[in-house]
Amino acid sequence: MIISTKDGKIPYCQEKFPNISVSDEGNNNVIETSLTVNQVMKIGNLEIVFRGDNNKLIIGNIKIKTKVWCRFLNVPNIRCNGAEIKISDGTFFNGNVYLNTYEGKSINIGNDCLFAGGVNLRTSDAHTIYDISSLERINIAKDIFIGNHVWIGMDALLLKGSYIADDCVVGMKSIITKHFEETNCILAGSPAKIVKRKINWARGNQFDGGIWR
Numbered sequence: 057m058i059i060s061t062k063d064g065k066i067p068y069c070q071e072k073f074p075n076i077s078v079s080d081e082g083n084n085n086v087i088e089t090s091l092t093v094n095q096v097m098k099i100g101n102l103e104i105v106f107r108g109d110n111n112k113l114i115i116g117n118i119k120i121k122t123k124v125w126c127r128f129l130n131v132p133n134i135r136c137n138g139a140e141i142k143i144s145d146g147t148f149f150n151g152n153v154y155l156n157t158y159e160g161k162s163i164n165i166g167n168d169c170l171f172a173g174g175v176n177l178r179t180s181d182a183h184t185i186y187d188i189s190s191l192e193r194i195n196i197a198k199d200i201f202i203g204n205h206v207w208i209g210m211d212a213l214l215l216k217g218s219y220i221a222d223d224c225v226v227g228m229k230s231i232i233t234k235h236f237e238e239t240n241c242i243l244a245g246s247p248a249k250i251v252k253r254k255i256n257w258a259r260g261n262q263f264d265g266g267i268w269r
């Protein structure tokens, strides 16, 4: 396993990257980052699992308070091949978070996002639901997309096909199941819906010079 960093391509070993655990049960899986090796060692604890071939994890300049699991997982009879998880710059994980991709689908997380603990993303239901007349599968795996500057509340669940636009907030324990393409909204409920529009959020509680900080 090679980690492609700003310093070049570095063979992975636990001694070199003590904060990163990798289980690779496939071929041609890739970890890419624009960070130096020293910067990678400061982002926090990552556990990475590859259960397939030709998968890619892209890590920006992020911060992890506790631990993040990035898992490329198989479902019965379908290996996870050609999937991608991308975590962009400025994103902060303030608790244990699980990013699970299956069936070659992608998870794309934008810049400056905030994740509370217990958040779980899943691109597949892992088992098949089918129509009894046609025998066609009706729960097809789908990509997950999170825009820039999105705050995901504690224990939220983002299922296959979830799409969250920029500057949105997802309420605690909410379940996202579809596209929300409108920016500046609060999404809450099970399943989630828009409960408030024309909002934005800040990490701090200080109003300074016309800006929340």
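Residue numbers (the numbering used here): 57 to 269.
Backbone N, C-alpha and C fix where the C-beta goes; we use that ideal spot for every residue, glycine too.
This structure is a prediction, so every number in the text was calculated from the model and none was measured.
Requested in this report: Drop a sphere of 10 angstroms on the beta-carbon of Glu159, count the other beta-carbons inside from all chains shown, and report buried for 16 or more, exposed for fewer.
Outcome: By the neighbour-count definition (other C-beta atoms within 10 Å, threshold 16), Glu159 is a buried residue.
Query raised in the report: Any idea if Arg250 is buried or exposed, counting beta-carbon neighbours within 10 angstroms, 16 or more meaning buried?
Result: Reading off the sequence, residue 250 comes out as Ile, not Arg. Counting of Cβ neighbours within 10 angstroms places Ile250 among the exposed residues, the total staying below 16.
Query - Exposure of Lys216, with buried meaning 16 or more beta-carbon neighbours within 10 Å - result: Classification of Lys216: buried, given that the 10 Å Cβ count is 16 or more.
Query raised in the report: Hey, out of Lys62, His235, Gly173, whose CA is closest to Phe201's CA?
Result: Here the closest residue by C-alpha is His235.
**Report entry** Whether Glu261 touches Leu213 by CB criterion (8 Å)
**Finding:** Before going on, a small fix: residue 261 reads as Asn here, not Glu. Their beta carbons are not under 8 Å apart, which means Asn261 does not touch Leu213 by this criterion.
Query raised in the report: Within 10 angstroms of its Cβ, does Glu237 collect 16 or more other Cβ (buried), or is it exposed?
Result: Of the residues assessed, Glu237 falls on the exposed side of the cut-off, its CB having fewer than 16 other CB atoms within 10 angstroms.
Query raised in the report: In whole angstroms, what is the alpha-carbon distance linking Val86 and Ile58?
Result: Cα to Cα, the separation comes out at about 7 Å.
Query raised in the report: Helix, strand or coil: which one does DSSP assign to Gly206?
Result: Note on residue identity: the sequence assigns Val, not Gly, to residue 206. Note: Val206 maps to coil in three-state DSSP.
Query - Whole-angstrom C-beta distance between Ile163 and Ile141, which should lie under 8 Å - result: Indeed, because the Cβ distance is near 5 Å, the residues count as touching under 8 Å.
Query raised in the report: If you draw a straight line from the alpha carbon of Ile118 to that of Lys98, how long is it in whole angstroms?
Result: Looking at the two C-alpha atoms, the distance is approximately 9 Å.
Query raised in the report: Who are the near neighbours of Val226 in its chain, counting only those whose CB is closer than 6 Å to its CB and skipping five residues on each side?
Result: Only Ile208, Gly209, Ala212, Leu243 meet the Cβ criterion.
**Report entry** Within the stretch 75-124, ranges of the beta strand (DSSP E) (whole runs, at least 3 residues)
**Finding:** Complete beta strand (DSSP E) runs here, min 3: 76-80, 86-89, 101-106, 112-115.
Query raised in the report: Once you ignore the five residues that flank Asp223 on each side, which residues in its own chain have a CB closer than 6 Å to its CB?
Result: His205, Thr239, Asn240, Asn256.
Query - Residue range of the beta strand (DSSP E) that includes Val153 - result: Its beta strand (DSSP E) spans residues 153-158.
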